[in-house]
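Just below is one structure, and these are the notes that go with it.
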Amino acid sequence: MNEFEKKELRQDMELMEKYLSYYLREPEYGSTAGKILRDMKMSRGKRLRPRLLLMASRYGENYQTVRKRLCRLGALVELIHMASLVHDDIVDDAPLRRGLPTTQARYGKDMAVYAGDLILSRIVQSLFRDGFMKLGACFGDTVEAMCLGELGQMQCRGREDVTVSQYMRNIYGKTAALCRLACIAGAVESGCGEEVVRQLEELGVNFGYMFQIRDDLLDFVSNTVKEGKPTQADFREGIYTLPVIYALQDQKIRPGIIRLIHMAKEECFGSREEEELKALVIEGGGIRRASEDMESCAKRAMQAIENLPDHGVSKVFRELLVL
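Under this note's numbering, the first residue of the sequence shown is numbered 1099, with each subsequent residue one higher.
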């Protein structure tokens, strides 16, 4: 992208933030609801999904004439993400997110459930009122996939026989589906042709897969605490990510990991066990094989970019895929 195009993207992201603030406005009544929504405005995330949407829209011939609508759509996609995090924190009983108290920790689980539902209701209102119903089915499909991904993960919780295909199906719902929606929504609203929409869909899905696998690898290759959660939080909760799933397939390594699984279930899993788990996952090829899968997703996303029309935004997409 040239400097002018980068400036346009910054301007669009700023307008998207204004729409996001509008959607998180205080209701006419209900002081607690107003406080919750104000807190959500303060909790700024990466805004990755609206950025994907706005970048995807650059390939459309109508981009300039529908810029405001695209910014509004970007806010709606981010709202889905925000509502899902509120509900996830209830299920996980999470006290913190991005270093700040979660909605459920501050206001209680009941309030948090309805706060998440309130956000979803405003998405539905906007889809109808602002003329986005051609994307309504895609929004609905995405929320359904997200719910199924979380339900699938819950069904796999604590299971030592969870498969790679189950993991991939779950992370499609948890992460990839919303990235897919962002790319499709930006492409459709800006007037992209059918083949361009298909390539952007492929890009969004594989970017989402890559993003989630990379996040799961961080537990084993970084000491950085993620989102205020303790290290190996997923393993402690019985959620076995791709590196662990692959390591469990090594019959020499499997007994050691099974022993650690039982220790985690008995809440006897400390820093020494964390280091042992990391060593076993590395020895069992879990890091290597998960990294290979991540690279395969990145290559598929990169191929989708190569199939798109030549545009300055393609370079920015490529930068997102650098591992």
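All residues carry an ideal CB built from backbone N, CA and C; glycine is no exception.
Proximity below 7 Å, CB of residue i to CB of residue j
i: M1231; j: I1311; result: no
i: G1336; j: G1256; result: yes
i: I1221; j: L1168; result: no
i: L1171; j: D1110; result: no
i: G1410; j: N1100; result: yes
i: V1295; j: Y1157; result: no
i: L1301; j: A1402; result: yes
i: G1271; j: G1247; result: yes
i: K1376; j: F1318; result: yes
i: L1194; j: S1141; result: no
i: V1262; j: C1254; result: no
i: E1287; j: V1414; result: no
Cβ distance (whole Å) where residue i is taken to contact residue j below 8 Å
i: M1308; j: A1399; result: 7 Å
i: V1303; j: C1277; result: 7 Å
i: M1084; j: I1217; result: Residue 1084 falls outside the range modelled here, since the chain spans only 1099 to 1421, and no answer is possible.
i: F1305; j: L1419; result: 7 Å
i: T1200; j: D1215; result: In fact, because the Cβ distance is near 16 Å, the residues do not count as touching under 8 Å.
i: M1209; j: T1130; result: 6 Å
i: S1119; j: K1139; result: 6 Å
i: A1388; j: P1341; result: 5 Å
i: V1189; j: A1213; result: The Cβ separation is near 14 Å, so there is no contact.
i: K1166; j: L1113; result: 7 Å
Status (buried if at least 16 other CB within 10 Å, exposed otherwise) for residue i
i: Q1202; result: buried
i: G1291; result: exposed
i: I1359; result: buried
i: A1285; result: buried
i: A1235; result: exposed
i: L1174; result: buried
i: P1353; result: exposed
i: K1314; result: Going by the sequence as given, residue 1314 is Asp instead of Lys. The residue is buried, with at least 16 neighbouring Cβ atoms inside 10 Å.
i: L1298; result: buried
i: Q1349; result: exposed
i: E1372; result: buried
i: P1407; result: exposed
i: S1155; result: buried
i: G1250; result: buried
i: L1135; result: buried
i: P1125; result: exposed
i: R1357; result: exposed
i: F1237; result: buried
i: R1149; result: buried
i: L1316; result: exposed
i: Y1127; result: exposed
i: R1147; result: buried
i: S1182; result: buried
i: S1412; result: buried
i: S1369; result: exposed
i: V1330; result: For clarity, residue 1330 is Gln in the given sequence; the question names Val instead. Answer is buried; the Cβ neighbour count reaches 16.
i: S1219; result: exposed
Distance cut-off 6 Å: residue i Cβ against heavy atoms of the ligand NAP
i: F1226; result: Among the components modelled here there is no ligand, and therefore nothing to report on the ligand NAP.
What are the start and end residues of each continuous alpha helix (DSSP H) run of 4 or more residues lying completely inside the segment 1193-1231, in chain order? 1201-1205, 1207-1227
Please give me, in chain order, every unbroken run of the beta strand (DSSP E) with length at least 3 that falls completely inside the segment 1283-1333. none
Examine the Cβ distances between the segment 1381-1390 and the segment 1344-1362 and report whether three or more of them are shorter than 8 Å. yes
Between the segment 1353-1368 and the segment 1274-1292, do at least 3 Cβ pairs fall closer than 8 Å? no
Which runs of the beta strand (DSSP E) spanning at least 3 residues fall entirely within the segment 1338-1368, listed in chain order? none
3-residue-minimum beta strand (DSSP E) runs that sit fully inside the segment 1367-1403, ordered along the chain: none
Report the start-end ranges of each alpha helix (DSSP H) in the segment 1244-1277 that is 4 residues or longer and not cut off at the edges. 1262-1269
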